[in-house]
Amino acid sequence: MSKIIDRIKSKRLELRLSQAKLGERIGWNQSRIGNYEAGTREMDDYILGKIAEGLGVTLDWLKYGDQGKVESNVKDIGSFDLWDRNTPLHDEDIEVPFLQDIRLAAGNGFADDIMDYNNFKLRFSKATLRRQGVQYENAVCIVAEGDSMEPAIPDGATVGVDMGNKVIRDNNIYAINHGGLLRIKILNKMPNEQVLIRSFNSTSYPDEIVNLDEIVVIGKVFWYSVLL
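First residue of the sequence shown? That's 52 in my numbering, and the numbers climb one at a time after it.
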């Protein structure tokens, strides 16, 4: 975390921004920025995404520095390859369906015929999924659409979803079925059986509060890859 804080400070100074000015860009006060830079307040991916937006950098750069500027950020949890049914599978690897054209059924998760996909898969190491606590049969990869989760998850990013993890934990990212629409969003539980739906790009996509029964959680996002 100390390296992340160093990058926040150095980028802010490079842009000649005071803590107050950076806070204004994000909608926070100076003391909140000061607490983050002092390391006295924790930062999750949502917070880091907002700071990255204010600094005009990517979440990957903020978290990993220049080493994040590679073909993809998958190195964070392990390697993968795009392959089809004719590519040999190694014993230590597992094939994960890569769904590029998804139809959702309103009121459910994926449509009943979801496995009739394009036959492409992403190959993960079994050890990688175990480290993430993902059961092999529950992993699926989809393509994010739109700019609501930028800068963290831009349009066209590949997202790994654990369909076995549907329990909402505050500030985690989930794939949800919202009235037949596939959405990648940050969720927070609210009183009275409601849920707060948030986006990294909160300027263009304000927070939403909906009843819990209006959405179906498809699964928790455990990985995403962005081509730079």
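All C-beta atoms, glycine included, are put in the ideal place defined by N, C-alpha and C. Remember, predicted model here, so these are calculated numbers, not experimental data.
Closest Cα partner of residue i within the set the options
i, options, result
"Gly107", "Ile59, His229, Leu238, Ile260", "Ile59"
"Lys62", "Ala178, Arg234, Ala103", "Ala103"
"Asn222", "Val212, Asp264, Leu247", "Leu247"
"Tyr225", "Ser250, Lys114, Tyr115", "Ser250"
"Ala203", "Leu73, Met94, Leu113", "Leu113"
"Glu93", "Ile56, Lys217, Glu75, Asn239", "Ile56"
"Ile145", "Ala178, Asn216, Gly105", "Ala178"
"Ile193", "Asp213, Ser82, Tyr97, Tyr115", "Asp213"
"Ile98", "Asn252, Ser176, Pro205, Asn189", "Asn252"
"Glu201", "Ser276, Leu150, Glu259", "Ser276"
"Leu180", "Val147, Ile260, Val261, Asn262", "Val147"
"Val185", "Gly197, Pro205, Glu259, Trp274", "Trp274"
Between the CA atoms of residue j and residue i - distance to the nearest angstrom
i, j, result
"Thr109", "Ile227", "24 Å"
"Val121", "Ala89", "Note that Val121 scores a pLDDT of 34, beneath 50, so its modelled location is shaky; the value from the coordinates is reported in the next line. The alpha-carbon atoms of Val121 and Ala89 are separated by roughly 29 Å."
"Glu84", "Ser199", "Here residue 84 is Ile; the residue named in the question, Glu, does not match the sequence. Approximately 23 Å between the Cα atoms of the pair."
"Asp111", "Leu233", "24 Å"
"Arg174", "Arg67", "44 Å"
"Tyr256", "Arg182", "33 Å"
"Asn239", "Gln245", "9 Å"
"Asp27", "Gly231", "Look at the range of the chain in this structure, 52 to 279, and you will see that residue 27 is not part of it."
"Lys72", "Glu143", "50 Å"
"Asn86", "Gly74", "12 Å"
"Ser176", "Ser82", "43 Å"
"Ala195", "Val272", "11 Å"
"Asn189", "Phe171", "16 Å"
"Leu150", "Asp258", "28 Å"
"Asp206", "Thr91", "33 Å"
"Arg220", "Ile235", "15 Å"
"Arg340", "Asn262", "The shown model of the chain, from 52 to 279, leaves out residue 340, and the question about it has no answer."
"Thr254", "Ile237", "15 Å"
"Gly197", "Tyr115", "24 Å"
Buried or exposed (CB count within 10 angstroms, at least 16 for buried), residue i
i, result
"Pro242", "exposed"
"Val191", "buried"
"Gln70", "buried"
"Lys101", "buried"
"Lys54", "exposed"
"Thr30", "Outside the shown range of the chain (52 to 279) lies residue 30, about which nothing can therefore be said."
"Val267", "buried"
"Leu64", "exposed"
"Gly105", "buried"
"Asn80", "exposed"
"Val218", "exposed"
"Gly211", "buried"
"Tyr187", "exposed"
"Gly270", "buried"
"Asp96", "buried"
"Arg216", "At residue 216 the sequence reads Asn, which differs from the Arg that was named. Asn216 is buried by the Cβ-count criterion."
"Ile260", "exposed"
"Gln118", "Note that Gln118 has pLDDT 45, beneath the 50 cutoff, so the model's placement of it is unreliable and the number below is only indicative. It is exposed - the Cβ of Gln118 has fewer than 16 other Cβ atoms within 10 Å."
beta-carbon residue i near the ligand HEM non-hydrogen atom, thresh 6 Å
i, result
"Leu150", "No copy of the ligand HEM appears in this structure; indeed no ligand is present at all."
Would you mind listing the beta strand (DSSP E) stretches within the stretch 174-234 that are 3+ residues and don't spill past its ends, in chain order?
-> 190-194, 209-213, 223-229
At what residue ranges does the stretch 234-278 contain a whole run of the alpha helix (DSSP H), taking only runs of 4 or more?
-> none
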